[in-house]
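One structure is given here, and the rest of the page talks about it.
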Amino acid sequence: MNSFMGFSDRIYVAGHRGLVGSALVRQLQAQGYSNLILRTHTELDLEDSQAVSRFFACEKPDFVFLAAAKVGGILANSTYPADFIRSNLNIQNHVIQASFEQGVKRLMFLGSSCIYPKLAPQPIQESSLLTGPLEPTNQAYALAKIAGIEMCRAYNIQYGTRYLCAMPTNLYGPNDSYDLNNSHVLPALIRKFHEAKQEGRKNVKVWGTGNPRRELLYSDDLADACLFLMNLSDEKFSSLLSSDGSQSIPLINIGCGTDLTIRELAEAVKRTVGFSGGMVFDTSKPDGAPRKLLDVSLLCALGWSARISFQKGLSLTYANYLKSQADRD
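Residues in the sequence shown are numbered from 231 upward in steps of one, following our numbering.
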């Protein structure tokens, strides 16, 4: 493996307790990186610009993975759009500016596939950004992430920084949120089917028609891809930042390249949990975007592809959910 990041370099993972951040920490430690800078929200509020500036001035990280964000599913995004756009703009603005002030060598800004138009041609290429209307149910979050991408592009152009934006597909894995009011589709289904099994219910209600298609990537695969990208040679890394010499968007998709319907996803969760009842699709609830399959040809051409199958990842995730429930009890 390439090793642009030295094992003694200071690496800051913003949001290290979340789904993405915790996976990054696991991968970094597994690959021998021990000089990690980690702070909980209580220790460092990333929405406090002065606190972030002081933190960076004191710790002086060499590399930054910006995985901290306010995230949630359709219900949370629809109910609290002001919170989503305000919090995410604050977090990314402060971390990116502080990284510039302290001369961070490379920064990776983690976004989401929701930045792309609702009806973008499938699979979605990086060039689809800003070519059509967004999915309304998470527009506020998506616009915040788009602003972060533009901020990275603008700093690269004006200041010569080396900030790369990685856009993962739908993620799942350890340390996900299982709050039914705020979680994404897979953890919500895991909790619903598990509780229905425990309570002996006959049916589980699933939002929407079951027809939309979703690509799902296990969080440890995402982390592996992020480290792969951050360790690219200067020549290859630079090619992702500026393919035309100055104005291109420093953006790359991360996914597995395959998808399945929500109905197929629900059936897989049902089998994994061992629920013997039925499913009822609540068509009064929104479906979200009809399909979100990312084109990962750019990433594959660099030499990376996903390794963890969906069924294996689902089994690992359910085992982690059971452990979290046991620990809570």
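All C-beta atoms in this analysis are idealised placements derived from N, C-alpha and C, irrespective of residue type, glycine included. Treat the numbers as computed from the prediction; the structure is a model and nothing was measured.
So, do the region 263 to 277 and the region 315 to 330 have three or more beta carbon pairs nearer to each other than 8 Å? yes
Let me know the alpha helix (DSSP H) ranges lying completely inside the region 463 to 493, each 4 residues or longer, listed in chain order. 464 to 471
Is Pro417 helix, strand or coil when you go by DSSP? Here the question's residue 417 lines up with position 187 in the sequence shown. Annotated three-state conformation of Pro417 is helix, per DSSP.
At a cut-off of 7 Å, is Phe330 close to the ligand FMN when judged by its beta-carbon and the heavy atoms of the ligand? The model on display carries no ligand, and the ligand FMN is accordingly not part of it.
At 4 residues or longer, what runs of the alpha helix (DSSP H) sit wholly inside the region 495 to 538? 527 to 532
Starting from Tyr548 and walking both ways along the alpha helix (DSSP H), at which residues does that stretch end? Reading the sequence shown from its first residue, position 318 is the one you call residue 548. Where Tyr548 is concerned, the enclosing alpha helix (DSSP H) stretches over Phe540 to Arg558.
Sequence-distant residues of the same chain with beta carbon closer than 7 Å to Leu249, five excluded per side: One-based indexing of the sequence shown puts residue 249 at position 19. Here the set comprises Leu401, Gly403, Asn405, Asp406 and Ser449.
In terms of alpha-carbon separation, which member of Phe237, Asp292 and Gly303 lies closest to Leu419? As a first step, residue 419 must be located in the sequence shown, where it is residue number 189. For Leu419, the nearest C-alpha among the options comes from Gly303.
Do you know how far the Cα of Tyr371 is from the Cα of Ala299? Numbered from its first residue, the sequence shown carries residue 299 at position 69. Numbered from its first residue, the sequence shown carries residue 371 at position 141. Going from the Cα of Ala299 to the Cα of Tyr371 covers about 10 Å.
Provide the residue(s) that pair with Cys395 in DSSP beta bridges, ordered along the chain. Numbered from its first residue, the sequence shown carries residue 395 at position 165. For Cys395, which the question treats as bridged, DSSP gives the partners Phe339 and Leu481.
Rank Cys530, Gly507 and Ser342 by C-alpha distance to the C-alpha of Gly430 and give the top, closest one. For the purposes of this step, residue 430 is identified with residue 200 of the sequence shown, where counting begins at 1. Among Cys530, Gly507 and Ser342, the Cα nearest to that of Gly430 belongs to Gly507.
For Tyr385 versus Ile326, is the C-beta distance shorter than 8 Å? As a first step, residue 385 is located in the sequence shown; it is residue number 155 there, counting from the start. As a first step, residue 326 is located in the sequence shown; it is residue number 96 there, counting from the start. Result yes, Cβ atoms of Tyr385 and Ile326 sit closer than 8 Å.
Using the Cα positions of Gly236 and Cys456, report the straight-line distance between them to the nearest angstrom. For the purposes of this step, residue 236 is taken as the residue at position 6 of the sequence shown. For the purposes of this step, residue 456 is taken as the residue at position 226 of the sequence shown. So the alpha carbons of these two residues sit roughly 15 Å apart.
Measure the beta-carbon distance from Pro353 to Asp517 and round it to whole angstroms, keeping in mind my assumption that it falls under 8 Å. In the sequence shown, the residue the question calls residue 353 occupies position 123. In the sequence shown, the residue the question calls residue 517 occupies position 287. No, Pro353 and Asp517 are not in contact; Cβ-Cβ is about 19 Å, not under 8 Å.
Would you verify that the beta carbon of Ile420 is, or is not, closer than 8 Å to some beta carbon of chain D? Protein chain content of the structure displayed is limited to a single chain, and chain D is not contained in it.
When Val415, Ala297 and Tyr548 are compared against Ala253, the one with the closest alpha-carbon: The residue given as residue 253 occupies position 23 in the sequence shown. Closest by alpha carbon: Ala297.
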